[in-house]
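The letter at position 38 of the sequence shown is residue 38 when you use the numbering used here, and the numbering goes up by one with no holes.
Virtual Cβ for every residue (Gly too), placed ideally from N, Cα, C.
Quick caveat, the model's predicted, so the values are computed rather than measured.
Comments concern the structure below.
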Amino acid sequence: MCGCGDRHEPGTPTPYDAGRAELATGRRTLLKAGGGVAFSAAAGLATASGGLAEAAPARRERRRVYVLVVDGCLPEEVTGGQTPHLFELMVTGQRWRRAQSMPIMETIPNHVMMMTGVRPDRSGVPANAIYDRRLRDVRDLDRPSDLRADTIIQRLNRRGLRTGTVLSKEYLYGIFGARATARWEPAPIIPVSGHAPDEFTINAAMQMVEDVDPHLMFVNLGDIDRYGHTDVTGPLGAKVLRRLALLKTDAYVGRFVQMLKDRGTWKDSMVLVLADHSMDWSTPTSVISLAGPLDDDPFLRGKVQIADNGGADLLYWTGATRQREEAVRRMLRIAKAEPGVLSAHDRRTRWLRLGPEAGEVVVFCRAGWRFSDPDPLTSNPIPGNHGHPATRPIPFFVNGGHPRLKHRAASSAVAQTVDVAPTVASFFGVRGRPRGGWDGKARV
Ligand SMILES: [Zn+2]
Numbered sequence: 001m002c003g004c005g006d007r008h009e010p011g012t013p014t015p016y017d018a019g020r021a022e023l024a025t026g027r028r029t030l031l032k033a034g035g036g037v038a039f040s041a042a043a044g045l046a047t048a049s050g051g052l053a054e055a056a057p058a059r060r061e062r063r064r065v066y067v068l069v070v071d072g073c074l075p076e077e078v079t080g081g082q083t084p085h086l087f088e089l090m091v092t093g094q095r096w097r098r099a100q101s102m103p104i105m106e107t108i109p110n111h112v113m114m115m116t117g118v119r120p121d122r123s124g125v126p127a128n129a130i131y132d133r134r135l136r137d138v139r140d141l142d143r144p145s146d147l148r149a150d151t152i153i154q155r156l157n158r159r160g161l162r163t164g165t166v167l168s169k170e171y172l173y174g175i176f177g178a179r180a181t182a183r184w185e186p187a188p189i190i191p192v193s194g195h196a197p198d199e200f201t202i203n204a205a206m207q208m209v210e211d212v213d214p215h216l217m218f219v220n221l222g223d224i225d226r227y228g229h230t231d232v233t234g235p236l237g238a239k240v241l242r243r244l245a246l247l248k249t250d251a252y253v254g255r256f257v258q259m260l261k262d263r264g265t266w267k268d269s270m271v272l273v274l275a276d277h278s279m280d281w282s283t284p285t286s287v288i289s290l291a292g293p294l295d296d297d298p299f300l301r302g303k304v305q306i307a308d309n310g311g312a313d314l315l316y317w318t319g320a321t322r323q324r325e326e327a328v329r330r331m332l333r334i335a336k337a338e339p340g341v342l343s344a345h346d347r348r349t350r351w352l353r354l355g356p357e358a359g360e361v362v363v364f365c366r367a368g369w370r371f372s373d374p375d376p377l378t379s380n381p382i383p384g385n386h387g388h389p390a391t392r393p394i395p396f397f398v399n400g401g402h403p404r405l406k407h408r409a410a411s412s413a414v415a416q417t418v419d420v421a422p423t424v425a426s427f428f429g430v431r432g433r434p435r436g437g438w439d440g441k442a443r444v
């Protein structure tokens with residue numbers, strides 16, 4: 001399953017409800033904001049008048065970075081006809097033609113890689129959905145405590161700079177928690193999709209620039225992804241809803257950039273636009289379900305849990321530890337024999353860098369397929385999915401008026417989502433690195 005729906009632990013509040021509860025108990029404060037948009041900040045940071053207390057370094061620092069994630073966008077969807085504003089930013093800025101999402105090619109892990117600059121074996125966040133061994137249930141990684149690595153958001157906070165998160169999806173809002181000095185609580189939330197429409201998100205982003213003016217702002221625009229997931233015309237190549245979403249989201253990005261120019265801050269700014277993963281479409285006849293074949297094996301029966309991530313299945317052995325190696329061998333053999341499976345890997349395979357939260361075996365589907373586990377009919381009925389290698393290519397470009405940035409430059413270097421944090425750090429001249437170094441590379 002793509003992770004669109006609610007997959008919270010039963011009886012626990014959603015991230016949204018948890019945020020509301022924090023406001024009610026005074027652990028966070030609402031900042032004064034215009035335009036009917038509400039932002040919150042940690043209680044100690046807000047002033048009595050409802051503004052944000054400003055540190056001396058913040059007054060001196062003129063540079064601004066805006067990371068805009070066009071969720072689920074394919075590189076080839078950025079064209080002059082379909083997305084004129086994004087296209088203009090791309091061709092007049094600096095672009096990386098071979099940019100990539102990282103495993104698992106899902107929303108939460110790639111947003112976490114962007115902000116931490118480290119791979120999932122160091123952040124604790126390898127996928128959208130995992131099997132939580134303590135809870136004995138599959139759940140989304142949507143809690144602030146799930147993210148164990150330091151973020152560029154917190155690094156800048158410690159230098160006295162302001163940071164802001166404007167994340168359209170409930171689970172992103174959940175995992176980044178109260179890390180940013182100011183954050184928008186996505187609203188209104190569309191029930192099943194769990195995200196706020198881009199029109200509201202971009203309004204909140206523009207309002208946050210007016211009211212809080214963060215040095216770093218991290219924005220997720222979820223419409224392109226959400227309309228891609230549900231678009232039944234996707235497998236036919238029509239993608240009617242998605243094209244509409246691309247057109248609208250492109251116009252919102254155009255409005256945002258125009259606002260920076262109108263405010264006169266473009267000359268100090270870097271805008272980094274990228275996607276977290278792309279998207280692949282499948283028909284109901286190209287669905288893989290591993291639960292049945294795994295259960296047919298008497299050694300494995302009843303002792304394997306599956307966290308379905310749309311284009312990737314994570315398999316967890318829940319039997320005796322001494323039988324683990326035999327279980328891994330059997331899971332690999334059975335998964336590889338299923339039609340539609342591209343590859344199956346022992347999770348400890350070095351290049352995956354996923355960490356123990358991802359279970360024992362990682363299975364990727366081929367392009368044009370999807371997983372539906374544990375139930376082949378009901379677990380994942382949606383046509384658009386990601387998580388598998390077919391959804392690795394992403395757009396990745398920077399633009400802005402800051403003199404440090406290059407223009408009309410294209411690179412064939414492989415930029416990755418994990419490069420965002422070191423790029424932001426380099427732009428702000430932050431020299432400290434995470435213990436063990438960055439896993440990504442500064443691109444400016
Ligand atoms: Zn996404």
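Item	Value
Which residues have a Cβ closer than 6 Å to any heavy atom of ligand 1, listed in chain order?	71, 72, 107, 225, 276 and 277
On a CA-only basis, which of 88, 242 and 168 is nearest residue 108? Give me that one, please.	168
What separation, rounded to the nearest whole angstrom, lies between the Cα atoms of residue 381 and residue 399?	38 Å
Take every Cβ of the region 366-386, pair it with every Cβ of the region 56-68, and state whether three or more of those distances are shorter than 8 Å.	no
What distance in whole Å lies between the Cβ atoms of residue 220 and residue 172, which are believed to be in contact at a cut-off of 8 Å?	6 Å
Given a cut-off of 8 Å, decide if residue 274 and residue 176 are closer than it, judged by their beta-carbon atoms.	no
For residue 259, list the residues DSSP reports as bridge partners.	Bridge partners of residue 259: none, in fact.
Say whether the region 64-77 touches the region 241-261, bearing in mind that this needs 3 or more beta-carbon pairs closer than 8 Å, one atom from each stretch.	yes
Can you say whether residue 262 is buried or exposed, counting buried as having 16 or more other CB atoms within 10 angstroms of its CB?	exposed
For the beta strand (DSSP E) that residue 399 lies in, which residues bound it at each end?	396-399
Just reading off the alpha helix (DSSP H) that residue 108 is part of, what are its end residues?	107-116
Skipping 5 residues on each side, what residues in its chain have a beta carbon closer than 6 Å to that of residue 455?	Nothing in the structure corresponds to residue 455, since the chain is present only between 1 and 444.
How many angstroms separate the CA atom of residue 266 from the CA atom of residue 63?	9 Å
Since I believe residue 391 is in contact with residue 105 (beta carbons under 8 Å), could you give me their beta-carbon distance rounded to a whole number of angstroms?	5 Å
Three or more C-beta pairs under 8 Å: does that hold for the region 94-102 against the region 403-420?	yes
For residue 330, does the three-state DSSP call read helix, strand or coil?	helix
So which of 443, 331 and 310 has the shortest CA-CA distance to residue 385?	310
For residue 217, which beta-bridge partners are listed by DSSP?	66 and 164
Could you tell me which residues DSSP pairs with residue 471 in its beta bridges?	Since the displayed the chain opens at 1 and closes at 444, residue 471 lies outside it and no answer follows.
List the whole-angstrom C-beta distance separating residue 394 from residue 278, where the pair is believed to meet the contact cut-off of C-beta under 8 Å.	6 Å
Thinking residue 286 and residue 185 are a contact (beta carbons under 8 Å), I'd like their distance in whole angstroms, please.	Rounded, the Cβ-Cβ distance is 38 Å, inconsistent with contact.
Grab me the residues of residue 225's own chain with a C-beta within less than 6 Å of its C-beta, minus the 5 sequence neighbours each way, in chain order.	71 and 72
Hey, could you find the ends of the beta strand (DSSP E) residue 411 is sitting in?	409-411
What residue range does the alpha helix (DSSP H) around residue 202 cover?	198-211
For residue 335, name the three-state secondary structure that DSSP assigns.	helix
Please classify residue 429 as buried or exposed, where buried requires at least 16 other C-beta atoms within 10 Å of its C-beta.	exposed
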